[in-house]
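By the count of this note's numbering, the sequence shown reaches residue 1143 at its end, each step adding exactly one.
We treat Cβ as the ideally placed atom computed from N, Cα and C, and that holds for glycine.
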Amino acid sequence: VVDASSGVEVGTEMAWRRFDETGCPRVVFVNKLRRENTSFETTVEEVRKALGTSVTPLYLPIGREAGFTGVVDLLEGRAWQYEDGSRKELPVPADMADAVAAARERLIEAAADADEKLMEKFLEGADISTDEMKAGVRNGIRAGVVHPLVCGDALAQVGTDLLLELAVDVLPGPTELPPVEGRKPGSDEAVAVERLADGPTCALVFKTVSESHVGEMSYVRVLSGRIETGMTLLNARTGREEKLNQLYVVKGRERAETSRLVTGMAGALVKLKETGTGDTLCDKRRPIVLPPLDFPRPSISVAIVPHSKGDEERVSTGLNRLHQEDPTFSFAFNPELGQQLINGMGELHLDVIVGRLKRRFEVTVDLIKPRIPYRETITRKAEAQGRHKKQTGGRGQFGDCYLRLEPLSRGSGFEFADEIKGGAIPGKFVPSVEKGVREILDKGVLAGYRMVDLKATVYDGSFHPVDSSDIAFKMAAMIAFKACCEKAGAILLEPIVNVEITAPDRYTGDIMGDLNSKRGRIMGMESQGSLQVIKAQVPQAEMYKYSNVLRSMTQGRGFFTTEFSHYEELPREQTAKVVEEAKAQREEEK
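1) What are the uninterrupted segments assigned as alpha helix (DSSP H) that are 4 or more residues long and contained completely in the segment 871-928, given in chain order?
2) Between which two residues does the beta strand (DSSP E) holding S514 run?
3) Taking the continuous beta strand (DSSP E) assigned at L1037, which residues delimit it?
4) Quick one: give me the first and last residue of the beta strand (DSSP E) that N1051 is part of.
5) For F848, which of helix, strand or coil comes out of DSSP?
6) Can you find at least 3 beta carbon pairs, one from the segment 1009-1029 and one from the segment 985-998, that sit closer than 8 Å?
7) Determine the extent of the alpha helix (DSSP H) in which Y1097 is found, giving its start and end residues.
8) Pick out whichever of M784, G805, Y801 has its Cα sitting closest to the Cα of E795.
9) What does DSSP give as the partner residue(s) for F1113 in the beta ladder?
10) Measuring alpha carbon to alpha carbon, tell me which residue in A745, R659, G949, N1069 is nearest S1021.
11) Mind checking which residues open and close the alpha helix (DSSP H) that includes R659?
12) Taking the Cβ atom as the reference point for each residue, do L843 and L730 lie within a distance shorter than 9 Å?
13) Which residues in the same chain have their Cβ closer than 6 Å to the Cβ of E810, if we skip the five residues on either side of it in sequence?
14) From V762, S965, T1055, pick the residue whose C-alpha is nearest to that of E878; which is it?
15) Below 8 Å on the Cβ atoms is my guess for V624 versus L715; work out the distance and round it to an integer in Å.
16) With DSSP collapsed to three states, give me the class of A632.
17) Taking E900 as the reference, give the member of S869, L1084, Y1099, R587 with the closest Cα.
18) Just grab the DSSP bridge partners of F967 for me.
19) If we call anything under 9 Å between Cβ atoms a contact, is A1041 one with V1132?
20) Determine, using beta-carbon pairs with one atom in the segment 888-906 and one in the segment 841-856, whether at least three such pairs fall under 8 Å.
21) Which stretch, first to last residue, makes up the beta strand (DSSP E) that contains K641?
22) Which stretch, first to last residue, makes up the beta strand (DSSP E) that contains D953?
23) Exposed or buried, what is M1076 when buried is set at 16 or more other beta-carbons lying within 10 Å of its beta-carbon?
24) From Y1012 to R1072, what does the alpha carbon distance come to, in whole angstroms?
25) Among I1054, R579, A652, which has the Cα closest to the Cα of P614?
26) For E589, which residues from the same chain have a beta carbon less than 6 Å from its beta carbon, with the 5 sequence-adjacent residues on both sides left out?
27) According to the Cβ coordinates, are F967 and K1008 closer than 9 Å?
28) If you run the structure through DSSP and keep just helix, strand and coil, what is K837?
29) Could you check whether E747 and P727 sit closer than 9 Å to each other, using their CB atoms as the reference points?
30) Are the CB atoms of G752 and T816 nearer to each other than 9 Å?
31) From D864 to V916, what distance separates their C-alpha atoms?
32) Can you list the beta strand (DSSP E) stretches of 3 or more residues lying completely in the segment 603-628, in chain order?
33) If I measure Cβ to Cβ from A789 and keep anything under 7 Å in the same chain, skipping five residues before and after, which residues do I get?
34) Classify R1125 as buried or exposed, calling it buried when 16 or more other Cβ atoms lie within 10 Å of its own Cβ.
35) Rounded to a whole number of angstroms, what is the C-alpha to C-alpha distance between V594 and P610?
36) Does DSSP put V1019 in a helix, in a strand, or in coil?
Right, here's the structure in full:
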């Protein structure tokens, strides 16, 4: 739906791109043509520029602004006038004859792109019947070369009935669509099910919601066959059967109980035992697992903190229930950062989830900036001795070891080696040395972050036959490791993410300039019609609230995805800041 007074908006462009990806047939309805300063011609031009030249008018408006009272149907060659919601036929206005003829010719030309016979008749200048026109438009819609544009004013009830009739006459019906493709349960063997009204049942659960008085409601689309009350269907993912006790047809917030859903219909099932969003319900004689629903990757991650201590479990329970209804967000507790992280499509998306938590689960939370999972490492080889000796009366403690630290390439992790010779340290104590090293690795030496990409080698030491113990060698290893790090040039590493930004071409300069200011690197660009896809690598710390920045730069027309790439050395200036923040946090926690 395009508002004639405001033109093509962001939501329209995003929905259109999604339809392009799925190949879904569609109709553009230009609405609110009775408003002041609206122009059908200008709106059509804007729509074709933004959405493509495949958008082709099927109706022309009679009158302008407040004088808009009817439409001319280019397929039928008939004119309709509306008054108080009812319509009557009238002759095509004489002053519109040329415009109607030109628009009809453009429509025939567009439809002929998908119909060879129609193209031949068009080129020969032969008369084309209404039925041939409808068939050509129908074929063009199926082929994706024609997207009808109709006009009206929903508030004044002008043209809306024709839109419904068009859907019946021209748009492909459920059984005219390509077969449902999937795989055989438990294997990768391809399976296809024809979309037949009397064929084997195949339905996709595309949404799950929980309602207090009803319980879980599973929204389904019947792709083949039918669903009836009392029927038992197979959940192809779990291999278990589900009995269908109640079926509903849903209209907005209203539900009407029904006994049957047929091919093409969407409805709701209640109290299914083990069926969730994305599951396939099918005839057990023709099992099929449909491809998983393609949800966009989350683009924003924040930490979620309950107002009251002790509400963590209620928050997790609520998030788990909401995730079943909305799989486009995810959440998990990050033990390294000590934060519950929630990932979503944008700040508005997360605000909606927070509102639902409060309304439905009576728990109030704050969304705060997540900590960044920095890493620590070393830049050069170093050796040091660690000696732990303690005498407190009776048996003492003694451990002595020499460690060598060496940097490894990025992504190598950690290696430990034993080069002890001649029994300088008994073999039974070497694991304790490694344990001490690993304990420091987890805590870091600069800012409390895990150390990576280094090799630690124990190559010498000494022991006492009575006072040496596991704990003594663990302490000695920790002393040696810290001493090595002081010589080995310890640094911080920061996470780098791959960022893919899609936006209209006119915004690319601003976007790239902003990425450069965030210490980002442009990795490449590619065109997608009127859009540009910018690929970059940016420090994760610089991407906080980037959705707001991008929305401001592109008037809401840009979107992005992020994905972890690798770790890189953090510049010295930022390192000092992170170390200082970590120190302040430790003081605060004391």
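According to the data block:
1) 900-914
2) Because the chain spans 554 through 1143 in this model, residue 514 falls outside it and cannot be assessed.
3) First, the residue type needs correcting, since residue 1037 is Cys and not Leu in the sequence shown. C1037 -> not in any beta strand (DSSP E); alpha helix (DSSP H) instead, spanning 1023-1040.
4) 1044-1057
5) coil
6) yes
7) That residue, Y1097, is in no alpha helix (DSSP H); it is neither H nor E in DSSP.
8) If you compare the alpha carbons of M784, G805, Y801 with that of E795, the shortest gap goes to M784.
9) I1054
10) Nearest option by C-alpha distance: G949.
11) 650-665
12) no
13) Y801
14) In this structure, V762 is the residue among V762, S965, T1055 with its C-alpha nearest to the C-alpha of E878.
15) The beta-carbon separation of V624 and L715, rounded to 7 Å, stays under the 8 Å limit for a contact.
16) strand
17) Y1099
18) L1007, per the DSSP bridge assignment.
19) no
20) Counting Cβ pairs under 8 Å, three or more are found: they touch.
21) Run containing K641: 639-643, per the beta strand (DSSP E) assignment.
22) Its beta strand (DSSP E) spans residues 950-960.
23) Exposed is the call here.
24) 42 Å
25) In terms of Cα proximity to P614, the closest of I1054, R579, A652 is A652.
26) Excluding sequence neighbours, E589 sits near E618.
27) yes
28) Coil, per DSSP.
29) Contact: no.
30) yes
31) Going by C-alpha positions, D864 is about 7 Å away from V916.
32) 608-610, 612-615, 623-626
33) P738, T833, C835, P840, I841, V842
34) Exposed is the call here.
35) Rather than Val, the amino acid found at residue 594 in this sequence is Glu. Roughly 10 Å between the two C-alpha positions.
36) coil
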